[in-house]
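Written below as structure tokens is the structure these notes are about.
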Amino acid sequence: MEYNFREIEQKWHQYWVAQQTYKVKEDSAKKKFYVLNMFPYPSGAGLHVGHPLGYIASDIYARYKRLQGFNVLNPMGYDAYGLPAEQYAIQTGQHPAVTTEANIARYREQLDKIGFSFDWSREVRTCEPGYYHWTQWAFQQMFGSFYCNKCQSAQPIEKLVEHFEHEGTANLDVAQSEELSFTANEWNSWDEKKHSDVLMNYRIAYLGETMVNWCPALGTVLANDEVVDGVSERGGYPVEQKKMRQWCLRVSAYAQRLLDGLDTIDWTDSIKETQRNWIGRSEGAEIFFRLKESDEGFTIFTTRADTMFGVTFMVLAPESELVQKVTTPEQKAEVEAYLAYVKKRTERDRISDKKVTGVFSGSYAINPFTGESNPIWISEYVLAGYGTGAIMAVPAHDSRDYAFAKHFGLPIVPLVEGCDVSEESFDAKEGIVCNSPRAGVKPYIDFSLNGLTIKEAIAATKQYVKEHHLGRVKVNYRLRDAIFSRQRYWGEPFPVYYKNGIPTMIPEECLPLQLPEVDKFLPTETGEPPLGNAKKWAWNEATRTVVNCSEIDNQTVFPIELNTMPGFAGSSAYYLRYMDPHNDKALLSKEADAYWQNVDLYVGGTEHATGHLIYSRFWNKFLKDLGVSVCEEPFKKLVNQGMIQGRSNFVYRINDLSHEKGHPVFVSFGLKDNYSDVTPIHVDVNIVSADVLNVEAFKAWRPEYADSEFILEDGKYVCGWAVEKMSKSMFNVVNPDLIVERFGADTLRLYEMFLGPVEQSKPWDTNGIDGCHRFLKKFWNLYWTKDGQISATEGEPTKEELKALHKLIKKVTADIEEFSYNTSIAAFMIAVNELQTLKCTNKQVLEQLAILIAPFAPHIAEELWAVLGHSTSVCDAQWPSFNEKYLVEDTVKMMVAFNGKTRFGIDFPAGTDNATIEATVRSHEQTPKYVGDKQIVKIIIVPGRMINIVVK
RNA sequence: GCCCAGAUGGUGGAAUUGGUAGACACGAGGGACUUAAAAUCCCUUGGCCAGUGAUGGCCGUACGGGUUCGAUUCCCGUUCCGGGCACCA
1338 MEYNFREIEQ
1348 KWHQYWVAQQ
1358 TYKVKEDSAK
1368 KKFYVLNMFP
1378 YPSGAGLHVG
1388 HPLGYIASDI
1398 YARYKRLQGF
1408 NVLNPMGYDA
1418 YGLPAEQYAI
1428 QTGQHPAVTT
1438 EANIARYREQ
1448 LDKIGFSFDW
1458 SREVRTCEPG
1468 YYHWTQWAFQ
1478 QMFGSFYCNK
1488 CQSAQPIEKL
1498 VEHFEHEGTA
1508 NLDVAQSEEL
1518 SFTANEWNSW
1528 DEKKHSDVLM
1538 NYRIAYLGET
1548 MVNWCPALGT
1558 VLANDEVVDG
1568 VSERGGYPVE
1578 QKKMRQWCLR
1588 VSAYAQRLLD
1598 GLDTIDWTDS
1608 IKETQRNWIG
1618 RSEGAEIFFR
1628 LKESDEGFTI
1638 FTTRADTMFG
1648 VTFMVLAPES
1658 ELVQKVTTPE
1668 QKAEVEAYLA
1678 YVKKRTERDR
1688 ISDKKVTGVF
1698 SGSYAINPFT
1708 GESNPIWISE
1718 YVLAGYGTGA
1728 IMAVPAHDSR
1738 DYAFAKHFGL
1748 PIVPLVEGCD
1758 VSEESFDAKE
1768 GIVCNSPRAG
1778 VKPYIDFSLN
1788 GLTIKEAIAA
1798 TKQYVKEHHL
1808 GRVKVNYRLR
1818 DAIFSRQRYW
1828 GEPFPVYYKN
1838 GIPTMIPEEC
1848 LPLQLPEVDK
1858 FLPTETGEPP
1868 LGNAKKWAWN
1878 EATRTVVNCS
1888 EIDNQTVFPI
1898 ELNTMPGFAG
1908 SSAYYLRYMD
1918 PHNDKALLSK
1928 EADAYWQNVD
1938 LYVGGTEHAT
1948 GHLIYSRFWN
1958 KFLKDLGVSV
1968 CEEPFKKLVN
1978 QGMIQGRSNF
1988 VYRINDLSHE
1998 KGHPVFVSFG
2008 LKDNYSDVTP
2018 IHVDVNIVSA
2028 DVLNVEAFKA
2038 WRPEYADSEF
2048 ILEDGKYVCG
2058 WAVEKMSKSM
2068 FNVVNPDLIV
2078 ERFGADTLRL
2088 YEMFLGPVEQ
2098 SKPWDTNGID
2108 GCHRFLKKFW
2118 NLYWTKDGQI
2128 SATEGEPTKE
2138 ELKALHKLIK
2148 KVTADIEEFS
2158 YNTSIAAFMI
2168 AVNELQTLKC
2178 TNKQVLEQLA
2188 ILIAPFAPHI
2198 AEELWAVLGH
2208 STSVCDAQWP
2218 SFNEKYLVED
2228 TVKMMVAFNG
2238 KTRFGIDFPA
2248 GTDNATIEAT
2258 VRSHEQTPKY
2268 VGDKQIVKII
2278 IVPGRMINIV
2288 VK
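Each residue of the first sequence is one higher than the last, beginning at 1338 in our numbering.
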């Protein structure tokens, strides 16, 4: 009986659809298990073989869990908003919704061929009003909340207003953009506009005047994680810093919870470390420096409070508001010139050349520990957005301060015993403090750090600062608030209108606010975002409807926000929506939430480490504070699948010979070194098989190659190869459909897993795919006799058959749990060979085997399960458990080692007890020969393993 | 510069986490069946040396040390490749 995979796979696809095999419902009788893949952005290029890698891995796990009796949620959807569709729309005028829809259809078609156990009835698309309703809703909830530091949770903004009405800002401990100070009387005297402005300082979703990454080429702002090396992640366009009024999310309020949560989740250390770096917690102190001959001053942040006695100058960030205050009239011209210079420099310039620049402000600050006056400088190496935008410079112990001091000839005072600061700074936090205060200098305050270790000195200084009210102990985070506005068309509209300058939320019951139609997807001529082109984009408060912009009267009809939300808005809570995707009353029902809780296994790439995976955690924590999500962390276990790189093939053109003959001449890989002038040319990998070029297909590939000539080796044209990114331009994109067509989905699934560990990046290489296909054929043949009859026979399996089977059950079960699919497939290959050798036809064994293969190769498993006489899906079978008693070896081989030199083996019958083994070893006739006059002092016996004999 | 992960045959990769390194697969070589090819099956396949042979010996997990009876695995140092962060005070 032939293994006709095309017929089998088609048959079972239809069966699964007809039977709704993968549809899942909440079922309190069963334990839940939630498997999730990062949903794809449906690009125009379709799926390549790299995309399904993670989906296959998670599908195997989902199927395995289901066979174990879990109620498995394994949904799929599309991250449908995004820049490529919009760029395409700008170029062609084609509406992004149309191209997105077409791309989704293509993706779906490709995905369906691979045999996933997705519950498509739960599909979500971020661009559908029924979905983004809840993205908009969440935004409104964030607008209506502030973050209370004391209770470490989001609270309704009304509570804060109440606080202001009674106490002003007294006794306030909340997350805020800047520290404001006002009384209850002041608050109560302010008008509505002023209240709105002040509350923006506290809201979790707020309008903020912030420095943003502005990308002129894309005409939009970008989040920090969307900027790589000073250029945009998409497209690689230059990015500059610009101050703009933008919607922001106060992610920074959650910094500590985001950090603490990392200890509770099962993610790889490297990705947790990346997030820790991104959050960037640093403990230090804020210390107040008074300006010379003034009562005013400013606060600096330092993690090295121990270096107070080594401060020789101060530095402000150019963007700092303090710059104007401290610049003296004499220095004004120079400072202005410097500020102009800094403004001109892009993010990229700063990164590429790190030359030392700066200017003296003319003012001095008094060091509260030494009483010395330190000159205040302005330099771009100090960042406005971190700490207080001002630092105390200790050139002896900070390399940046050191470079600055050397460049401008400022003094350097070492503070660690025995350190040498003549060539470079001593940045290490170890050693004994000296010069604090310096010998012979009259102490300014009664405080000394001399003789302490640096760690002790930091603690002592913090203590002193706290007691003497010179500042406070402070924890800073590098994590910034997320900029939430994008000047784009193809994104979620903000459900906000502007009532005479006051941002006002569209009533919750009027959501979703649907994306309007526009004639052009480009920004308007006046530089407004694309939504500025919409004719019908105003809010009528009376009728509570969207109306034409021409009706705006600022009485009852007001303009609506023109920005849209960024890509991460829709992807931040999609895992919750899958739990209850069709609910039009809420993001999800309490019941669905209580049952599915959070994602047990999340599979996706590492590229989202500082984007989606932070935003999602933030979003979930906010929803938890709201009582919407029951879990603090959205994703319990995270597995990062590696990238599949392309394996490009090359042909080698002999340039001079081609020129001479008037047609291209190509030389095979092994002979190319015989020619001097050879150019490697990318060739479509789809016309190369096992690095051998299909010459006829090559001639047909491009008209200019039609009359090519080939210099062959062994009658073949062998191509060269290289590992590169999988991309159209390298002609190395392999489409999964082609593999499915040629070998079947089961072979593709098996092969993608067999290629190596899921987490590892590796080049796609079809050279080994035959092996997996061959294995499936062998597997298939176990179930059939030579003349096409079902081979299964009733009766009890033999001891050998049971041993082969249980060895496999044990191995596969353990491997799936550890995501080690390549080794479990190897175990299958061994088992099939063993059973083949045993001529096994036992029905019980064959049944269990079909269940075991089901997660990996579901189609063949269904077919064979049916062949064995079952009328239900193999998905509803039960995963076999192994019995250790079948696995006991007949003999236990013991290795005995002496002095690491000589080893010999002794075989013991199974079940031999340790005392017998020990006695045998001691009396073994070979023993004296190898031990000589040395005495055995200890015999360590590990059952089933080795004996260690320790000799003296 | 800092942090993280890694380096094993011609290739992808195994190794029960300190216990016979190279499972499984690909490729290669040889053979069987066949007029032939495809398909299928069998044997060999880390390197070097000795032997007609069964077999035996030595070397071998990037490099150099160390701990151990025993190290791909643990520790120290070096080189190389990959990922993240990068004036974060």
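Every residue gets a Cβ at the ideal spot worked out from N, C-alpha and C, and that includes glycine.
Every value quoted in this text rests on a predicted model; they were computed, and no experiment measured them.
First through last residue of the beta strand (DSSP E) which encompasses Q1982: Its beta strand (DSSP E) spans residues 1981 to 1991.
Between which two residues does the beta strand (DSSP E) containing N2104 stretch? From DSSP, N2104 is part of no beta strand (DSSP E); its letter is neither H nor E.
Residue nearest to F2047 in terms of C-alpha spacing, selected from Y2012, R1990, L2087: Out of Y2012, R1990, L2087, R1990 has the C-alpha closest to the C-alpha of F2047.
Whether or not the stretch 1505 to 1521 and the stretch 1457 to 1470 are in contact is what I'm after, with contact meaning three or more pairs of Cβ atoms, one per stretch, closer than 8 Å; do they touch? With a cut-off of 8 Å on Cβ pairs, the stretch 1457 to 1470 is not in contact with the stretch 1505 to 1521, counting fewer than three such pairs.
On the three-state DSSP scale, how would you describe N2220? In this structure, N2220 counts as coil in the three-state DSSP scheme.
Helix, strand or coil: how does DSSP classify N2023 here? If DSSP states are grouped into helix, strand and coil, N2023 belongs with the helices.
Alpha-carbon to alpha-carbon, L1544 and E2199: The alpha-carbon separation between E2199 and L1544 amounts to approximately 56 Å.
The alpha helix (DSSP H) spanning A1931 covers which residue range? 1927 to 1933 is the extent of the alpha helix (DSSP H) around A1931.
On the premise that P1748 lies in contact with I1624, defined as a C-beta separation below 8 Å, what is that separation, rounded to the nearest angstrom? Contact annotation, I1624 with P1748: C-beta distance approximately 20 Å; criterion of less than 8 Å not satisfied.
If A1946 and Q1612 are in contact, beta carbons under 8 Å, what's the gap, nearest whole angstrom? Indeed, because the Cβ distance is near 6 Å, the residues count as touching under 8 Å.
Quick check on Q2126: does DSSP put it in helix, strand or coil? In the three-state scheme derived from DSSP, where H, G and I count as helix and E and B as strand, Q2126 is classed as coil.
Can you name the residues that DSSP bridges to D1603? In the DSSP output, where bridge partners are listed per residue, D1603 has K1974.
Quick one: is H1734 buried, meaning 16 or more other Cβ sit within 10 Å of its Cβ, or exposed? With 16 or more other Cβ atoms within 10 Å, it is buried.
Exposed or buried, which one is C2056 when buried takes at least 16 other CB atoms within 10 Å? Classification for C2056: buried.
Is the Cβ-Cβ distance between P2217 and V2182 less than 7 Å? No. Outside cutoff.
Just to confirm, is the Cβ distance from D2083 to H2196 under 7 Å? At the C-beta level, D2083 and H2196 come within 7 Å of one another.
For T1601, count neighbouring C-beta atoms within 10 Å of its own C-beta (all shown protein chains included) and say buried if the count is 16 or more, exposed if not. Flag for T1601 reads exposed.
Run through DSSP, which three-state label would N1837 get? Correct three-state label for N1837: coil.
What separation, rounded to the nearest whole angstrom, lies between the Cα atoms of G1419 and V2095? The straight-line gap from Cα to Cα measures roughly 27 Å.
E1346 to N2179 span [Cα, whole Å]: Looking at the two C-alpha atoms, the distance is approximately 25 Å.
Using CA coordinates, which residue listed in P1830, A2191, S1926, T1841 is at the minimum distance from G1452? Of P1830, A2191, S1926, T1841, the residue nearest in Cα terms is A2191.
Could you pull the start and end residues of the alpha helix (DSSP H) that Y2088 belongs to? Y2088 -> alpha helix (DSSP H) spans 2082 to 2091.
Endpoints, alpha helix (DSSP H) assigned at M1548: DSSP places M1548 outside any alpha helix (DSSP H); the residue lies instead in the beta strand (DSSP E), whose first and last residues are 1542 to 1552.
Under the three-state DSSP convention, the category R1775 falls into: DSSP places R1775 in coil when its eight states are reduced to three.
For V2025, collect the residues of the same chain with a Cβ closer than 6 Å to its Cβ; drop the 5 residues on either side in sequence, then sort them by chain order. Around V2025: N1986, C2056.
What residue range does the alpha helix (DSSP H) around V1672 cover? Taken as a continuous stretch (DSSP letters only), the alpha helix (DSSP H) holding V1672 covers 1669 to 1681.
Leaving aside the five residues before and after D1917 along the sequence, list all residues of the same chain whose C-beta is less than 7 Å from its C-beta, in chain order. In chain order, L1925, S1926, A1929 place their CB closer than 7 Å to the CB of D1917, counting only its own chain and leaving out the 5 sequence neighbours on each side.
How many Å lie between E1969 and H1500 at the Cα? Cα-Cα distance, rounded: 28 Å.
CA-to-CA distance, I2106 to P1553, given in whole angstroms: Spanning the two alpha carbons is a distance of roughly 47 Å.
For L2075, does the count of other Cβ atoms within 10 angstroms reach 16, so buried, or fall short, so exposed? Exposed.
I'd like to confirm the pairing. Which residues does DSSP put opposite V1719 in its beta bridges? Beta bridge pairing from DSSP links V1719 with no other residue.
How long is the line joining the alpha carbons of P1849 and E2221, rounded to whole angstroms? Using only the alpha carbons, I get a separation of about 58 Å.
Identified DSSP bridge partners for T1639: Assignment of beta-bridge partners to T1639 by DSSP yields A1622.
Opposite I1314 in the DSSP bridges: which residues? With the chain running from 1338 to 2289 in the structure shown, residue 1314 is simply not present.
Verify whether the separation of the beta carbon atoms of F1376 and F1407 is less than 7 Å. Taking 7 Å as the Cβ cut-off, F1376 and F1407 do not qualify as a contacting pair.
How would you write the range of the beta strand (DSSP E) that P1493 sits in, first residue to last? Start and end: 1490 to 1493.
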